[in-house]
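> Going letter by letter, the sequence shown gives residues 9 to 804 in the working numbering. In this text, a Cβ means the ideal position worked out from N, Cα and C, and glycines have one as well.
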Amino acid sequence: MLKTLRHRHKKLLITFGVCIPFIIFFIFCLPHPLFDDPLSAVILDRQGNMLGARIAADGQWRFPQMETVPEKFEAALLAFEDKRFRYHAGIDPMAICRALKQNIEHGRAVSGGSTITMQVIRLSRRGQDRNIGEKILEAVMAVRLETKYSKDQILALYTSFAPFGGNVVGLEAAAWRYFGRSAANLSWSEAATLAVLPNAPALMHPGRNRIALQAKRDRLLQKLADRDVISQQDGDLAKAELLLEKPLPLPSLSPHLLAGTAAVEGTAALHATTIDLHLQQRVNSILQRHQETFSQNHIYNAAAIVADIETGEVLAYSGNTNMVVAGKGQWNDMIKAARSTGSLLKPLLYAAMLNEGYLLPNTLVPDIPTQISGYVPKNFDEKFQGAVRASEAVARSLNVPCVRMLRDYSYEKFHYLLQRLGMTTLDKPAGHYGLTMILGGSEGTLWDMAGMYASLARRLNHYQSGSLYAKNDLHPLTTDLETSRKWQSEEKTWSNESEIGAGATWQMFNAMQEVKRPEDEFFWRQFSSSRQIAWKTGTSYGFRDGWAIGITPTHVVGVWVGNADGEGRPDLTGIATAGPLLFEIFDLLPETGWFPTPFDDLKKTATCRQSGYLPGPACDEIDTLLLPSAAERTDPCPYHILLHLDGTQQYQVNSHCESPSDMIHKSWFILPPVQEWYFRNHNSDYLPLPPFRKDCDGSGGTASVQAMELIYPGEPARIYVPREVSGQEGRTVFEVAHRNQHAEIFWHLDDKYVGNTRHIHQIALNPAPGPHLLSLTDSNGERLELKFRIIERDLD
């Protein structure tokens, strides 16, 4: 008895000694992860259509794992490979017996009897020898796989990692490479063709094996018809479809977006974007068509972006043209490239100044020769208007008035504001850029520019009564569909503060509607003037970059044109290159109305009609405008004075020569001399100050009005005079404006007479280095003085 018990105990120990290791092996036999092959980066549009793909690191077209298998392919695959797949536990004894019988009859291995589950194991253990021992191991691991994964998951694994000929792995990659469409949209003929390939992937070879491949496909289609999976008629029609001749190129609708997505560490290999496929195709087409014209001027690169205002979703992303010219940077993503912004920031400065009460839309801003600490800005046409309304300075993109506006606002404040609004390229202190910031001295990206304007438009759209702003409306654009959905699901947080208020933003967009279009361009004449778009162009120094940004309540469009290598070209301006592109893209978008008027952030305000300032005591013509509440803080009109005129209203008089009862008292608009000098040449209705009647001495009873003003240099003046090309000492040309065109001016330098001028008051002098005093006296005895310093000349 004891001996029997010991014997049984020994047998149990032996059994456990054998079973426990096997159980442990069974539990842990599957590799983890099952597949760790590198994947192709794939981007899809918002509807799941493919925009582009990049080959995997190992040179294979291997798309990310499929979640579900299309019904047609599943039916074809199971009929061909494993008809009892849904019922077996990983191995199919009947299939194994059938395979043994066939192999014995043929005297060689003609069938393996492997199930789809076993093939998944073999695919995950590629490179292993094909022998009996390996088959047994595959069978054990297949059973384990069935305990861990569902049938649908196993089928998806097989479909995703099976070979489909050449360097194509997985059904989705095969569907696009061979048929140019998603696996979900395959016909029965196409599904059957791909179902037979993993069994013999070498059949997929362009120009070879066509007969064998077609025979396999047709047998499978007939099997499906025999089993009533499809009708006989459908089967016959499917057999009539021709086989593909060669693999197709994959879509490449937004290669720069694909490259950027693939480069982001940790980005999912299958990336759902916000792009609209059809809009992307049409924007690409417009860009390419215009590029053919640009290339005639040796301009080889262009980019465009379209985004939805409400969500910030990018609907079209064309990072560059596809014109292949060696060394011209077609692979550079110009949407994300930092380039000189030209005039694109001017509207933002205008809005910021409106928002803080520095000026009003019609405030006159000087447009005269200007020197600020040695910096001499110039307008594009190198002309001066004397004085222009602030809104007109933005619409006409005048450099000099905008530089003076930035000086008044402070470039430090503007630098900080731009960073708050989303300009990510300002990585240096404000002083590094200085006043040139407003003329393109700071680089920006098309992505940031479009995003900043979109954020302001979004806040204006969402502005609520009670001066409330949605804080989370200020965010960059996105091409990631998941990120966008997250933003839309967030509850809005409200605040009564905004970087730029709704009223100032509304006024900014109104000013941007007035941008002047060249009258001699055929395209501009064709564009409908009834469409309301706020837009701005920009041109960088040296004609290197042409920009255009357009905004409506629903969309923002951004365009850049130029050369990636920075080469400038004649006529490479925003208005001539990017502008026409911008409006042609807008023609693809639905028309909308205009931005809602933010009445709670606007107030009816009286302004001086001629100067645009708040009315002063002498202003006699008043306009009432809707202006931001900060308008109350602006200065009163400095340009109107009360004149005392005689009965003819042609001469000024005073109490020394005219009885007060006979005087006519009249408000008069008068600009400072330099502004007047240029302004009256462009404004024929401007009336210069009337002279005093001859019997009056010109004093008493009238506000003092300056008769002379220096055009160059400004004050304080530090002048560096370079040598001429000939090597001789250079000379400085001093220039003065006088209200009386017939006045004579007498010039003195350091109390020494140097000459006199009439009509055009310019004189060239060559003072020695050091401090000097320039004195000017006109024929009426009025005096003007300027202290200046000549900087030591370079002796080299």
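#1: Helix, strand or coil for D416, going by three-state DSSP, please let me know.
#2: Taking Cβ positions, are E717 and V682 nearer each other than 7 angstroms?
#3: So the candidates are G624, F591, V291 and E79; which of them puts its Cα closest to the Cα of S262?
#4: According to DSSP, simplified to helix, strand and coil, what is N207?
#5: Residue range of the beta strand (DSSP E) that P646 falls in?
#6: Are the CB atoms of M361 and Y417 within a distance shorter than 7 angstroms?
#7: Rounded to whole angstroms, what's the CA-CA distance from W532 to R218? Just pull it up for me.
#8: At 4 residues or longer, what runs of the alpha helix (DSSP H) sit wholly inside the segment 280-318?
#9: How many angstroms separate the CA atom of F677 from the CA atom of V396?
#10: Please report the straight-line C-alpha distance between G365 and M516, rounded to a whole angstrom.
#11: For R393, is the classification buried or exposed, using 16 other Cβ atoms within 10 angstroms of its Cβ as the cut-off for buried?
#12: Considering only DSSP beta bridges, list what R797 is partnered with.
#13: Can you have a look at T501 and say buried or exposed, based on whether 16 or more other CB atoms are within 10 angstroms of its CB?
#14: Answer yes or no: do G448 and S548 have a C-beta to C-beta separation smaller than 7 angstroms?
#15: Closer than 8 angstroms is the cut-off here; do at least three beta carbon pairs connect the segment 693-707 with the segment 652-662?
#16: In whole angstroms, what separates the C-alpha of A164 from that of Q73?
#17: Put T269 into one of helix, strand or coil per three-state DSSP.
#18: I think A191 touches L179, with their Cβ atoms under 8 angstroms apart; what is that distance to the nearest whole Å?
#19: Assign W514 to one of two classes, buried (16 or more other C-beta atoms within 10 Å of its C-beta) or exposed (fewer than that).
#20: Taking a contact to mean a Cβ-Cβ separation below 7 angstroms, would you say G624 touches L372 in this structure?
#21: Label D609 either buried or exposed according to how many other C-beta atoms from any shown protein chain fall within 10 Å of its C-beta, with 16 as the threshold for buried.
#22: Is it true that the CB of I51 sits closer than 7 angstroms to the CB of H286?
#23: Between the segment 234-241 and the segment 171-188, can you find at least three pairs of beta-carbon atoms closer than 8 angstroms?
#24: Check this for me: beta carbons of T605 and T281, under 7 angstroms apart or not?
#25: Under three-state DSSP, which class holds E490?
#26: With DSSP as the reference, identify every bridge partner of V77, one or two as the case may be.
#27: Could you check what DSSP says for I559 in three-state terms: helix, strand or coil?
#28: Does the beta-carbon of N407 have 16 or more other beta-carbons within 10 angstroms, so that it is buried, or is it exposed?
#29: Taking contact to mean at least 3 C-beta pairs separated by less than 8 angstroms, is the segment 560-573 in contact with the segment 303-311?
#30: Is the segment 314-325 touching the segment 428-445, taking contact as three or more C-beta pairs under 8 angstroms?
#31: If I measure Cβ to Cβ from H594 and keep anything under 8 angstroms in the same chain, skipping five residues before and after, which residues do I get?
#32: If you compare alpha carbons, which of S637, F43, T581 and A725 is closest to P369?
#33: Which residue comes first and which comes last in the alpha helix (DSSP H) that contains F742?
#34: Specify the secondary structure class of Y325 as computed by DSSP and reduced to three states.
#35: May I ask you to report which of helix, strand or coil DSSP gives I63?
#36: Report, in whole angstroms, the separation of the C-beta atoms of R467 and A478, which I expect to be a contact under 8 angstroms.
In terms of the structure at hand:
#1: helix
#2: yes
#3: V291
#4: coil
#5: From DSSP, P646 is part of no beta strand (DSSP E); its letter is neither H nor E.
#6: yes
#7: Only weak support exists for where W532 lies, its pLDDT of 49 falling under 50; the value from the coordinates is given anyway. When rounded, the distance between both Cα atoms is 56 angstroms.
#8: 285-302
#9: 14 angstroms
#10: 14 angstroms
#11: In the sequence under discussion, the amino acid at residue 393 is Gln, which differs from the Arg named in the question. With 16 or more other Cβ atoms within 10 Å, it is buried.
#12: R726 and P779
#13: exposed
#14: yes
#15: yes
#16: 7 angstroms
#17: helix
#18: 5 angstroms
#19: buried
#20: no
#21: buried
#22: no
#23: no
#24: no
#25: helix
#26: Note: V77 sits in no beta bridge, so no partner.
#27: strand
#28: buried
#29: yes
#30: no
#31: His is not the amino acid found at residue 594; the sequence shown has Phe there. If we look at F594 and ignore the five residues flanking it on each side, its Cβ neighbours are R539, I541, G558, T560, H563 and V565.
#32: S637
#33: Note, F742: premise wrong, no alpha helix (DSSP H); beta strand (DSSP E) at T740 to H746.
#34: strand
#35: coil
#36: 7 angstroms
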